[in-house]
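Structure first, then comments.
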Amino acid sequence: MQITVCNLGPLRRAEIVMKPLTVFVGKNNTGKTWLAYTIAGSLGHYSWSRYLSAYLSGQTRQKYRPLDQLVRRVAEQSSGFLDLLDFAEEHAEHFLNDLLLGVGEWLPLFLGSDHARFEELTLSIDIAAFKPELLRRLLQASVSDYIGGDKEDAPLKALKESGEARLYFYPGQNVSERLPRREIAGFVNGIVFREILQAFWRNISYFPTERSSIIYERFISLPPSVRNKRGHRTTDTRGLLERLLTALSEQSPRLVPVPIADFVEIVWRFHRQSSLSPSQLQNQTATSRSPYVELGALLQEEILEGTLDFTPTEAGTAREILFCPRPMATSPEPTTRTELELSVSSSMVKELSSLALYLRYLARPGELLVIDEPEMNLHPEAQVKMIELLAMLVNAGLHIMMTTHSTYMIDHLINLLAAARHPQERHDELASLFFLQRKEAFLAQNQVAVYHIRDDGEAVNILDEEGIIHWRTFSEVTRLVERIHFELAD
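So the number in the numbering used here is just where the residue sits in the sequence shown, counting from 1, plus 1192.
Have a look at this one:
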């Protein structure tokens, strides 16, 4: 799919073809982070909730006759169905572009700004090339949802089996009263809109630059996500975010960016998951989760060079994350295990521990990670290991959109693309050349997009057909430094 963004702050125009790994490079203050957040937010839950509210109030340009007919049928007959693939074939692109029309209105709140204005912002999406994959994902999707707290007696349920095109709506048992039509419309339309959006990414998780200052906070009595009776987060996102962050601060927070608040919720979620018993955790670790648990362990072992754990659960006390560094090879065998609070651990550990715990407890296939500068506070060796790990995450079914200033990561990404072009029978041999020595890090070029956000406000593709990334934004500085050196030596 191609997303076109115009007039986003300093960014004048960007035509971004999204890939499983999408990378933005460029100087500071060129709009890289805004671009990543805007794309993710526009196709995520926040945008969904805003659009659904507008649609129910008659404030959108598009109207969808099959949905209106379905709502009327369910209101009159208590049941009905929609062929989700037929609907998407005809209406998905219209729906997505209609949804993008409203981004400029809510983006200041999403970014946590009282001053930024986006009156001239425009976004559009072209899904022609992606549509066969969109329809495939919709066909494979399963839906089981309902209104109310009791699943059996829910006044209205939704069901779609994986491999079936039809999405069914029907009442639960012992239902005597019909729902108001607006409630039916909210449930029906909300699920259809949600499923189309989740065909792009099942969930979106943000790892902002602020992550290293949030991760080591102690969490106690942090409330679960505020959810409405359909099991989705409420449209009052700002209120949820402020309540979450108030639990971390004695002072009421100012306007909180959604990506930061979502990250706080991620931290709370793996604090909660860590309190489960081993058997409970094992029940939640399905086959689809196992590669991420292993990759989280690899991140700890090979990059953090230590392990992460939590202090025991005790009533009325805050739990915190502890880091146990691996003893150095030259050190004598320790008699006791060294445990450090994250607050006194290295900046690299603070930086990456949230990703390691996300992989251990939360990651699921098809999710999008938006990572702002994954190289922050990392030694060059750790940076190249990190791009290998990120490539492994992509190959394991996650999507990653990242910003970076790291020449090491970009240069090594070229190596990963080059290795993937070699015959499969050579991959084991080639893996020994790499830092993590895993052939699973070799990444096909059609999985990657790299864009340079230039000083003139244009975003340009800098990954050529031969797999070379032309990052002049970095090399020009290198050449200038060299020129200064040689002039001083004369």
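Glycine is no exception: its CB is placed at the ideal position from the N, C-alpha and C atoms.
Because the structure is a prediction, the values reported are computed rather than measured.
With burial defined as no fewer than 16 other Cβ atoms inside 10 Å of the residue's Cβ, what is the status of Pro1212: buried or exposed? buried
Could you pull the start and end residues of the beta strand (DSSP E) that Gly1233 belongs to? Unbroken run through Gly1233 is the alpha helix (DSSP H), 1224-1234; no beta strand (DSSP E).
Close Cβ partners of Asp1290 (< 6 Å) along its chain, the five nearest in sequence each way excluded: Thr1252, Arg1253, Gln1254
Integer Cβ distance of His1644 from Gly1218, believed to fall under 8 Å: 6 Å
Grouping DSSP H, G and I as helix and E and B as strand, with all else coil, what is Met1593? strand
Own chain partners of Gln1365 with C-beta closer than 8 Å, once the 5 adjacent residues on each side are dropped: Glu1344, Asp1345
Sort out for me which residues DSSP pairs Ala1206 with in a bridge. Val1197, Ala1651
Figure out for me which residue from Pro1451, Gly1223, Gly1488 has the closest Cα to the Cα of Asn1199. Gly1223
Sort out for me which residues DSSP pairs Glu1533 with in a bridge. Leu1514
Every unbroken beta strand (DSSP E) inside the stretch 1579-1647 [3 residues or more]: Here the runs fully enclosed are 1591-1596, 1640-1645.
What is the C-beta distance between Ala1548 and Leu1496, in whole angstroms, given that I count them as a contact (C-beta under 8 Å)? 7 Å
Please say whether Phe1515 and Val1541 have beta carbons closer to each other than 8 Å? yes
Return yes when the Cβ of Ile1396 is within less than 8 Å of the Cβ of Gly1236, no when it is not. yes
Please report the distance separating the alpha-carbon of Arg1358 from that of Ile1317. One C-alpha to the other measures close to 26 Å.
Does DSSP classify Ser1316 as helix, strand or coil? Per DSSP, reduced to three states, the secondary structure at Ser1316 is strand.
For Tyr1238, which three-state DSSP category applies? helix
Cα-Cα separation between Thr1196 and Leu1315, rounded to whole angstroms: 6 Å
Between the stretch 1564-1578 and the stretch 1593-1601, do at least 3 Cβ pairs fall closer than 8 Å? yes
What does a CB cutoff of less than 7 Å around Val1380 pick up in its chain, not counting 5 residues either side in sequence? Cβ within range, chain order: Leu1259, Leu1262, Val1263, Val1266, Phe1361.
Any idea if Val1384 is buried or exposed, counting beta-carbon neighbours within 10 angstroms, 16 or more meaning buried? buried
Quick one: what's got a C-beta closer than 8 Å to Gln1443's C-beta in the same chain, skipping five residues either side? Legend: pLDDT at Gln1443 = 42, less than 50; position of this residue unreliable, no value from coordinates given.
Identify whether Leu1371 lies in helix, strand or coil by the three-state DSSP scheme. coil
Mind reading off the beta-carbon distance from Glu1543 to Arg1204? Whole number of angstroms is fine, and I expect it under 8 Å. Not really, about 32 Å apart at Cβ, beyond 8 Å.
Count the other C-beta atoms from every protein chain shown that fall within 10 angstroms of the C-beta of Leu1292, then say buried if there are 16 or more, exposed otherwise. Around the beta-carbon of Leu1292, 16 or more other beta-carbon atoms lie within 10 Å, marking it buried.
Which term fits Asp1454, buried or exposed, when burial requires 16 or more other beta carbons within 10 angstroms of its beta carbon? Asp1454 comes out buried.
In its own chain, which residues sit with a C-beta less than 7 Å from the C-beta of Pro1202, not counting the 5 before and 5 after it? Asn1221, Thr1222, Gly1223, Gly1649
Go to Ser1336, then tell me how far its beta strand (DSSP E) extends in each direction, as first and last residue. 1335-1338 is the extent of the beta strand (DSSP E) around Ser1336.
Could you work out which residue in Ile1406, Leu1326, Glu1268, Gly1382 is closest to Ile1339 when comparing CA atoms only? Gly1382
I need the straight-line Cα distance from Ile1452 to Arg1618, nearest angstrom please. 43 Å
With C-beta atoms as the reference, is Glu1632 less than 8 Å away from Asn1569? no
CA-to-CA distance, Pro1400 to Pro1566, given in whole angstroms: 9 Å
Indicate the three-state DSSP secondary structure (helix, strand or coil) for Leu1570 in the structure shown. coil
Tell me the rounded alpha-carbon separation between Leu1351 and Glu1282. 22 Å
Extent of the continuous alpha helix (DSSP H) to which Asp1656 belongs: Unbroken run through Asp1656: none, as it is neither H nor E.
Cα separation between Glu1457 and Ile1376? 30 Å
Give me the residue from Thr1503, Ile1654, Phe1502 with the minimum Cα distance to Gln1637. Ile1654
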